[in-house]
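Novice: So in UniProt numbering, spot 161 of the sequence shown is number 161, and the numbers just go up one at a time.
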Amino acid sequence: MEGMKIIEEAVIVEKKKRNNRQRKITWKKIKEQKGLIFMALPFVIWLLIFAYAPLIGWVVAFQDYLPQNGFFGSEWVGFKHFQVLFSEPLFYTAMKNTLGMGSLGLLFGTLSSIGFALILNEVRFSKFKKLTQTISYLPHFVSWVVVANIVIQTLSTTGVVNEVLQALHLVDKPINFMAQPGYFWGIVTVADVWKETGWNAIIYLAAMTSIDQEMYEAARVDGANRWQQMWNITLPSIRPIIIILLIMSIGNLVNIGFEKQMLLGNNIVANEALVIEKYALDYGIGMFRYSFGTAIGIFKSVVSIVLIFIFNNIAKRTGEGQLM
Numbered sequence: 001m002e003g004m005k006i007i008e009e010a011v012i013v014e015k016k017k018r019n020n021r022q023r024k025i026t027w028k029k030i031k032e033q034k035g036l037i038f039m040a041l042p043f044v045i046w047l048l049i050f051a052y053a054p055l056i057g058w059v060v061a062f063q064d065y066l067p068q069n070g071f072f073g074s075e076w077v078g079f080k081h082f083q084v085l086f087s088e089p090l091f092y093t094a095m096k097n098t099l100g101m102g103s104l105g106l107l108f109g110t111l112s113s114i115g116f117a118l119i120l121n122e123v124r125f126s127k128f129k130k131l132t133q134t135i136s137y138l139p140h141f142v143s144w145v146v147v148a149n150i151v152i153q154t155l156s157t158t159g160v161v162n163e164v165l166q167a168l169h170l171v172d173k174p175i176n177f178m179a180q181p182g183y184f185w186g187i188v189t190v191a192d193v194w195k196e197t198g199w200n201a202i203i204y205l206a207a208m209t210s211i212d213q214e215m216y217e218a219a220r221v222d223g224a225n226r227w228q229q230m231w232n233i234t235l236p237s238i239r240p241i242i243i244i245l246l247i248m249s250i251g252n253l254v255n256i257g258f259e260k261q262m263l264l265g266n267n268i269v270a271n272e273a274l275v276i277e278k279y280a281l282d283y284g285i286g287m288f289r290y291s292f293g294t295a296i297g298i299f300k301s302v303v304s305i306v307l308i309f310i311f312n313n314i315a316k317r318t319g320e321g322q323l324m
């Protein structure tokens, strides 16, 4: 037993040494990979300037910041702005709307992208496949101003949706969808899914092209139909990619922006259209409360990081794809 223990310890030590050797950065490795390092350099500089350097501004959240006094002349107030933030009822309304619309967008956005990629992957006519794929990208490049106008016109009392519902005798009179607070989350989600499904499906389609075709041939020999091949080969093969993208998307659950809510919203649905970024804009920067706005930004970042770590650990424990 003692001999086995010594061997196990020796194996662990050897593994540690091997990992250290693999992680060790040497001049030889740098010279070998100088081309890759040179190509990555602009992006690292961009990241430092636009992602990390602005973090210095977080100190504003702990001050009663006044532009004329600067960082060094403004009074330090500790967590005062965070206490104010957590005591305002509107903050919780904005948080509920953000998480609600973010979760719906994540759920239906992911399902629609995977479903669209699976269907497109099964299309055997290459020209039709390319044409469909190209058309599906187009809404991604359309601005939210145009998309919001299309949605508003389509759902108006004289729009095509009401005409279809009335033609099918499903409703007696037109419904003003845009004036129904209960429909607002659904309208934003559907608009978002329509705009981004084709674009988000690209990475799933790319992952499907790397699946070994011999597995499909073996499945066909065994009598598997297209649906069974899709369910038992395609989906399990892209599962790590799905998990990684899901973790990254969950990190952005509170970063859903405010453009679509602002453009699709109106005074009747204002309570449902208020999201955390609009709240920061209106009640922070809009009212010259720079410290308060920064506190909201810090809160969002902390929530995003916590969500990423939680779901990354869940993925790690279940043995699926993981981000870190």
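All residues carry an ideal CB built from backbone N, CA and C; glycine is no exception.
Can you give the Cα-Cα distance for I314 and T234, rounded to whole angstroms?
Specialist: Position 314 of the sequence shown, counting from 1, holds the residue named residue 314. Position 234 of the sequence shown, counting from 1, holds the residue named residue 234. Answer to the nearest angstrom: the Cα atoms are 23 Å apart.
Novice: What is the DSSP secondary structure of D282, counted as helix, strand or coil?
Specialist: As a first step, residue 282 must be located in the sequence shown, where it is residue number 282. DSSP places D282 in helix when its eight states are reduced to three.
Novice: Looking only at DSSP bridge pairs, what is D64 linked to?
Specialist: Your numbering for residue 64 matches position 64 in the sequence shown. In DSSP, D64 forms a bridge with E75.
Novice: DSSP three-state call for R239: helix, strand or coil?
Specialist: Working through the sequence shown from its first residue, we reach residue 239 at position 239. Residue state, collapsed to three classes: helix.
Novice: Whole angstroms is fine: what's the gap from L170's alpha carbon to V164's?
Specialist: If you number the sequence shown from 1, residue 170 lands on position 170. If you number the sequence shown from 1, residue 164 lands on position 164. Computed Cα separation, rounded: 9 Å.
Novice: CB-CB under 6 Å to T197, same chain, minus the five flanking residues each way: which ones, in chain order?
Specialist: For the purposes of this step, residue 197 is taken as the residue at position 197 of the sequence shown. So the qualifying residues of the chain are S112, S113, F116.
Novice: To the nearest angstrom, how far is the alpha carbon of E75 from that of W144?
Specialist: Within the sequence shown, numbered from 1, the residue matching residue 75 stands at position 75. Within the sequence shown, numbered from 1, the residue matching residue 144 stands at position 144. Spanning the two alpha carbons is a distance of roughly 40 Å.
Novice: With distances taken between CB atoms, is the gap from T189 to G105 smaller than 8 Å?
Specialist: Indexing the sequence shown from 1 puts residue 189 at position 189. Indexing the sequence shown from 1 puts residue 105 at position 105. Yes. Within cutoff.
Novice: Sorted by chain position, which residues of the same chain lie with C-beta nearer than 6 Å to N121's C-beta, five sequence neighbours on each side aside?
Specialist: Taking the first residue of the sequence shown as position 1, residue 121 is located at position 121. Same-chain partners within the cutoff: M208.
Novice: Would a C-beta distance cut-off of 8 Å place L118 and M230 closer than the cut-off?
Specialist: Counted from its first residue, the sequence shown places residue 118 at position 118. Counted from its first residue, the sequence shown places residue 230 at position 230. Result yes, Cβ atoms of L118 and M230 sit closer than 8 Å.
Novice: Is V44 closer than 8 Å to Q63 when the C-beta atoms are compared?
Specialist: Looking up residue 63 in the sequence shown gives position 63. Looking up residue 44 in the sequence shown gives position 44. No, the Cβ-Cβ distance between Q63 and V44 is not below 8 Å.
Novice: Please name the residue, chosen from Y290, F309, D282, I305, that lies closest to H81 on a Cα-to-Cα basis.
Specialist: As a first step, residue 81 is located in the sequence shown; it is residue number 81 there, counting from the start. Selected option, being the one with the closest Cα: Y290.
Novice: Measuring only the C-alpha atoms, how far is I187 from I276?
Specialist: Working through the sequence shown from its first residue, we reach residue 187 at position 187. Working through the sequence shown from its first residue, we reach residue 276 at position 276. Near 19 Å, if we compare the C-alpha coordinates of I276 and I187.
Novice: With D192 as the anchor, note down where its alpha helix (DSSP H) starts and where it stops.
Specialist: The residue you call residue 192 lines up with position 192 of the sequence shown. Residues 184-209.
Novice: Along the alpha helix (DSSP H) that carries A94, what are the first and last residues, could you check?
Specialist: Reading the sequence shown from its first residue, position 94 is the one you call residue 94. Here the alpha helix (DSSP H) through A94 covers 89-122.
Novice: Using the rule of at least 16 other Cβ atoms within 10 Å of the residue's Cβ for burial, across every protein chain shown, is G182 buried or exposed?
Specialist: As a working mapping, residue 182 is identified with position 182 in the sequence shown. Result: exposed.
Novice: Taking 8 Å as the threshold, find out whether the stretch 144-160 comes into contact with the stretch 237-251 through three or more Cβ pairs.
Specialist: no
Novice: Is it true that the stretch 282-298 meets the stretch 127-142, where meeting means three or more beta-carbon pairs spaced less than 8 Å apart?
Specialist: no
Novice: Would W185 pass as a contact of G265 if the rule is Cβ separation under 8 Å?
Specialist: Counted from its first residue, the sequence shown places residue 185 at position 185. Counted from its first residue, the sequence shown places residue 265 at position 265. Not a contact, by the Cβ cut-off of 8 Å.
Novice: Figure out for me which residue from N97, K28, L48 has the closest Cα to the Cα of F258.
Specialist: Here residue 258 is taken as the residue at index 258 of the sequence shown, counted from 1. F258 has its Cα closest to that of N97, out of N97, K28, L48.
Novice: Classify I238: buried if its beta carbon has 16 or more other beta carbons within 10 angstroms, exposed otherwise.
Specialist: Indexing the sequence shown from 1 puts residue 238 at position 238. Burial call: buried.
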